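Chains as they are written, first to last, in this note's numbering: chain W, 24 to 218; chain Z, -16 to 448.
We put the CB at the ideal spot given by N, CA and C, even for glycine.
Only a predicted model underlies this, so the values are computations on that prediction, with no experimental measurement involved.
Have a look at the structure below, then the notes.
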Amino acid sequence: MNGWQIHDGVAVALAAENVDTDQLIPARFMSTPRSQGYGQFLLHDMRQDDPDHVLNHATATVLVARRNFGSGSSREAAVYALRDFGIRAVFAPSFGDIFSGNAVNNGLLPARLSDEKIEALLSDLAGGPADVRIDLVAGTARIAGRDARFELDPVSLEKLKNGWDDIDLTAQHSGAIDAFFDARKSRHGWIMPAG
Amino acid sequence: MTTPRTLFEKLWSAHAVVRRDDGNTLLWVDRHLVHEGSHHAFAKLKTRGQKVARPGLTFAVVDHYAPTRAGVVDPDVARMIKTLGDNARAHDVTLFDLKDPEQGIVHVIGPELGLTLPGLQVNCGDSHTSTHGAFGALAFGVGATEVAHILATQTVWQAQPRTMRITVGGALGAGVTAKDLALHWIAKLGADGARGHAIEYAGAVIRGLSMQGRMTLCNLSIEGGARLGLIAPDEVTFDYLEGRRFAPKGADLARAVDDWAALKSDADAEFEREEYIDAADIAPTVTWGTSPEEALPISATIPDPAASAPGKSAAIRASLDYMGLTPGTPINSIPIDQVFIGSCTNGRIEDLRMAAKVLAGRRARVPGLISPGSAKVKRQAEAEGLALIFTEAGLEWANSGCSMCVGMNGDEVLAGKRCASSTNRNFKGRQGRGARTHLMSPAMVAAAAVTGHLTDVRPLLEGRL
Ligand code: SF4
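Right, dumping it as structure tokens:
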């Protein structure tokens, strides 16, 4: 995964709350190998039921949505669908916890803004897509001419910025991990599966 | 004197291998459970040329795509099941495949096999991993990148969630279950009400719940946005675990119980958030919309979007539109097309017993499917005569798996059909494209089957409890 700091793109409104991961990618597509591209599945049923859906017409790179975006299933495929579609960031008042972690692990920014800010942006974007510039490190965005300062925890910021892969980072701790396991086993013999 | 700590804090520090300055902690994983959805993670391991670090602590099970009915298996479904088997064999991981007498839904068989124990950390690439917290285990769901990380290192990086306690006092009325309690608190606090928090459930009502009720409650923690749910282990927990296949035995068990008895929040431990619920306020509860927070007592009427704030009213309108419902309709008058009983939330033996109490000697007015949570639950239900009650009521008795909870195996609710379901998600399209799901307890599902509409189960249980 590549890190990033500045994003210039196009924002669109997704004026719904509780956009869960079952909507982001319906379960029936999840047996597909990633190599086939998951962008086609993004919000599949919502887009198909509504031919005028903004994502059927605009080349969006940023979504603005209401509270509890990405709630529900832990399926990382929801993030694959967003990323393969070309989405780099989602702005919302709140996100499902597992979704946020999955997003950051795939270079997608889950940026939190207040309810009021989101409502203002949703009305700015009601007429159609608008330009957006995100400065990840500064924690700011300019969407449809409106400035916003978003919230992101420092760990997620570092990971997005550097494009870190955790497995490589963890390798340096392998000695500590082995020692931890040995100590745990000798202190609590019952932790190993019996039989 | 040491600072009083919550159960969650004790479990967290017991698993912390490395604490980084930025607040991220590397946690040791005692049990890693994988299902068919792990194909992305195994593929990543393969690209990196790595093997599973601790195959002895990794357990694989076929559940999400498990066919539950006879017939031709879709090639995609067969391929998903085969891929899991191939990955398990390639990495020497214990596999519970379709033919295994211990197969079942991952969150049902983990506890059933004694893989889940108090004090352990249990992870799985599945959000309902919160279920295992019912044993006082640190259990949470993770995504595919983290599954790959656990496979490769047996550890996972996590930011520490905040602590929260939900105390449930009073007593649950007859016919009111852990499912109703869960839907009640989620409706009260919201589907993101516990976001970023680790919930500990406490109070007299929780102590009085069986392990199965506790699992249902912890299972649904994720639907209220929590990172995980927890219940301090007690005699009920220890009794449940005795004799389970992978649980400690003899002297080991005695030592384990000594350790487990210390797994509780200290008397003056402080929680960052506290909520109180009076169980006397809880009626049999059903969802009417497309988020678990859109739940009401069975005696209520469908809400009116016009009576809410603009953002909220748009959400209610969208839910009612999808669900095909009109404001002001009494919930207990809503006709249904079919029923489903099963899932990791409510597919255990007690759930089936409750449903059977309602269905015994009665006929269902609508078709329905019952898929037990595991092959063992299936055998037990057959031995107890429950399966016969279901089939005599006209319902279909299937094999175990995730089945109609998620529809991956082909057990789907058709577009526009309304299903009373014992599952956990009423999301748009969850049970099938265009499917309309009402969540409720297994007893309430059985009552809906008998009357053909959403209905209060309590009169139907009179003289039967
Ligand atoms: S039963 Fe449903 S919620 Fe539970 S693991 Fe299976 S698909 Fe997920």
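Given that Q46/W touches chain Z, what residues does it touch there, using C-beta distances under 8 angstroms?
Within the first sequence, the letter at position 23 stands for residue 46/W. Within chain Z, the residues near Q46/W are F410, K411 and G412.
Taking Cβ-Cβ distances shorter than 8 angstroms, what residues in chain W pair up with N7/Z?
Within the second sequence, residue 7/Z is the residue found at index 24, counting from 1. The answer, in chain order, is V178.
Helix, strand or coil: how does DSSP classify R111/W here?
By one-based count along the first sequence, residue 111/W stands at place 88. Coil.
Helix or strand or just coil, what does DSSP make of G26/W?
Locating residue 26/W in the first sequence gives position 3, counting from the first residue. It is coil, neither helix nor strand.
Beta strand (DSSP E) runs wholly inside the segment 263 to 298 of chain Z, at least 3 long, in chain order
268 to 270 and 278 to 280
Under the three-state DSSP convention, the category T150/Z falls into:
Taking the first residue of the second sequence as 1, we reach residue 150/Z at position 167. Correct three-state label for T150/Z: strand.
Take P116/W and list the residues in its own chain whose beta-carbon comes closer than 6 angstroms to its own, dropping the five residues that flank it on each side.
Within the first sequence, the letter at position 93 stands for residue 116/W. R90, D138 and I141.
For the segment 59 to 76 of chain W, list every residue whose C-beta sits within 7 angstroms of some C-beta in chain Z, in sequence order.
D68
In the DSSP assignment, what residue or residues form a beta bridge with I189/Z?
Position 206 of the second sequence holds residue 189/Z. DSSP output for I189/Z lists no bridge partner at all.
With burial defined as no fewer than 16 other Cβ atoms inside 10 Å of the residue's Cβ, what is the status of I110/W: buried or exposed?
Translated into positions along the first sequence, residue 110/W becomes position 87. Label assigned to I110/W: buried.
By the three-class DSSP mapping on this structure, what secondary structure does H196/W have?
The residue you call residue 196/W lines up with position 173 of the first sequence. Correct three-state label for H196/W: coil.
List, from N- to C-terminal side, the alpha helix (DSSP H) runs of 4 residues or more that fit wholly inside the segment 320 to 380 of chain Z.
326 to 329, 332 to 342, 358 to 366 and 369 to 375
Range covered by the beta strand (DSSP E) that runs through R51/W:
By 1-based counting over the first sequence, the position of residue 51/W is 28. Segment: none, R51/W is in no beta strand (DSSP E) and carries neither H nor E.
Hey, would you say the C-beta of I332/Z is under 7 angstroms away from at least one heavy atom of the ligand SF4?
Start at 1 with the first residue of the second sequence, and residue 332/Z comes out as number 349. No, since every heavy atom of the ligand SF4 falls outside the 7 angstroms radius drawn around the Cβ of I332/Z.
Compare the beta carbon distance of L1/W and G26/W with 8 angstroms and say whether it is the shorter of the two.
Absent from the structure is residue 1/W, since the part of chain W shown begins at 24 and ends at 218.
I'd like to confirm something about H90/Z: is its beta-carbon nearer than 7 angstroms to some heavy atom of the ligand SF4, or not?
For the purposes of this step, residue 90/Z is taken as residue 107 along the second sequence, with counting starting at 1. Yes - the ligand SF4 has a heavy atom lying nearer than 7 angstroms to the Cβ of H90/Z.
Spatial distance of E28/Z from K34/Z (CA atoms)
The sequence position of residue 28/Z within the second sequence is 45, counting from 1. The sequence position of residue 34/Z within the second sequence is 51, counting from 1. One point to set straight first is that residue 28/Z is Leu, not Glu, in the sequence displayed. If I take the Cα positions, the gap works out to 7 angstroms.
Which residues mark the beginning and the end of the beta strand (DSSP E) in which S404/Z is found?
Numbered from its first residue, the second sequence carries residue 404/Z at position 421. Unbroken beta strand (DSSP E) run through S404/Z: R401 to S404.
Would you please verify whether the beta carbon of D205/W is less than 8 angstroms from any beta carbon of chain Z?
In the first sequence, the residue the question calls residue 205/W occupies position 182. Answer no: the Cβ-Cβ gap between D205/W and chain Z never drops below 8 angstroms.
Listed by chain order, chain Z residues near H196/W by CB distance under 9 angstroms:
Position 173 of the first sequence, counted from the first residue, corresponds to residue 196/W. The contacting residues are V0, V1, L9, T136 and T138.
Of all the alpha helix (DSSP H) runs that stay within the bounds of the segment 222 to 262 of chain Z, which reach a length of 4 or more residues?
233 to 244
Near-chain W residues of the segment 105 to 134 of chain Z - C-beta to any C-beta below 9 angstroms:
C107, G108, D109, S110, H111, T112, F123, G124, V125, G126, A127, T128, E129, V130, A131 and H132
Around the C-beta of H80/W, are 16 or more other C-beta atoms found within 10 angstroms, so that it is buried, or is it exposed?
Here residue 80/W corresponds to residue number 57 of the first sequence, with the count starting at 1. By the neighbour-count rule (16 or more Cβ atoms within 10 Å), H80/W is not buried but exposed.
Through-space distance from W243/Z to I64/Z, alpha-carbon basis
Here residue 64/Z is taken as the residue at index 81 of the second sequence, counted from 1. Here residue 243/Z is taken as the residue at index 260 of the second sequence, counted from 1. Rounded to the nearest angstrom, the two C-alpha atoms are 36 angstroms apart.
Pairwise C-alpha distance: A24/Z and A131/Z
Residue 131/Z sits at position 148 when you count from the first residue of the second sequence. Residue 24/Z sits at position 41 when you count from the first residue of the second sequence. Spanning the two alpha carbons is a distance of roughly 4 angstroms.
Rounded to the nearest angstrom, what separates L178/Z and G207/Z at their Cα positions?
Within the second sequence, numbered from 1, the residue matching residue 178/Z stands at position 195. Within the second sequence, numbered from 1, the residue matching residue 207/Z stands at position 224. Reading the sequence as shown, one finds Arg at residue 178/Z and not Leu. The straight-line gap from Cα to Cα measures roughly 7 angstroms.
For R89/W, go through chain Z and note every residue whose CB falls closer than 7 angstroms to its CB, in chain order.
Within the first sequence, the letter at position 66 stands for residue 89/W. Those within 7 angstroms of R89/W in chain Z are G294.
Specify whether the segment 333 to 340 of chain Z and the segment 300 to 312 of chain Z touch according to this definition: at least 3 beta carbon pairs, one from each stretch, less than 8 angstroms apart.
no
Endpoints, the beta strand (DSSP E) within which L121/Z is located
Taking the first residue of the second sequence as position 1, residue 121/Z is located at position 138. Its beta strand (DSSP E) spans residues L121 to G124.
Pairwise C-alpha distance: G351/Z and P152/W:
Your numbering for residue 152/W matches position 129 in the first sequence. Your numbering for residue 351/Z matches position 368 in the second sequence. In a straight line, the C-alpha of P152/W is about 45 angstroms away from that of G351/Z.
Beta-carbon proximity list for G417/Z, same chain, < 6 angstroms, skipping 5 on both sides:
On the second sequence, position 434 is the one that residue 417/Z refers to. Taken in chain order, the residues that qualify are A398 and G399.
Measuring CB atoms only, is the segment 363 to 371 of chain Z touching the segment 91 to 111 of chain Z, in the sense that at least three cross pairs come out at less than 8 angstroms?
no
Flag D46/Z as yes if its beta-carbon sits less than 8 angstroms from any beta-carbon of chain W, otherwise no.
Position 63 of the second sequence holds residue 46/Z. It does not; no Cβ of chain W falls within 8 angstroms.
Take A381/Z as the anchor and find which of S404/Z, V396/Z and G356/Z has the nearest alpha-carbon.
Counted from its first residue, the second sequence places residue 381/Z at position 398. Looking at the Cα atoms, G356/Z is the closest of the given residues.
Which of helix, strand or coil DSSP assigns to R106/W:
Within the first sequence, the letter at position 83 stands for residue 106/W. Note: R106/W maps to helix in three-state DSSP.
Of the choices I121/W, F203/W, D120/W and T55/W, whose alpha-carbon is the least far from that of A104/W?
Residue numbering aside, residue 104/W sits at position 81 when the first sequence is read from its first letter. That would be T55/W, whose Cα lies nearest to the Cα of A104/W.
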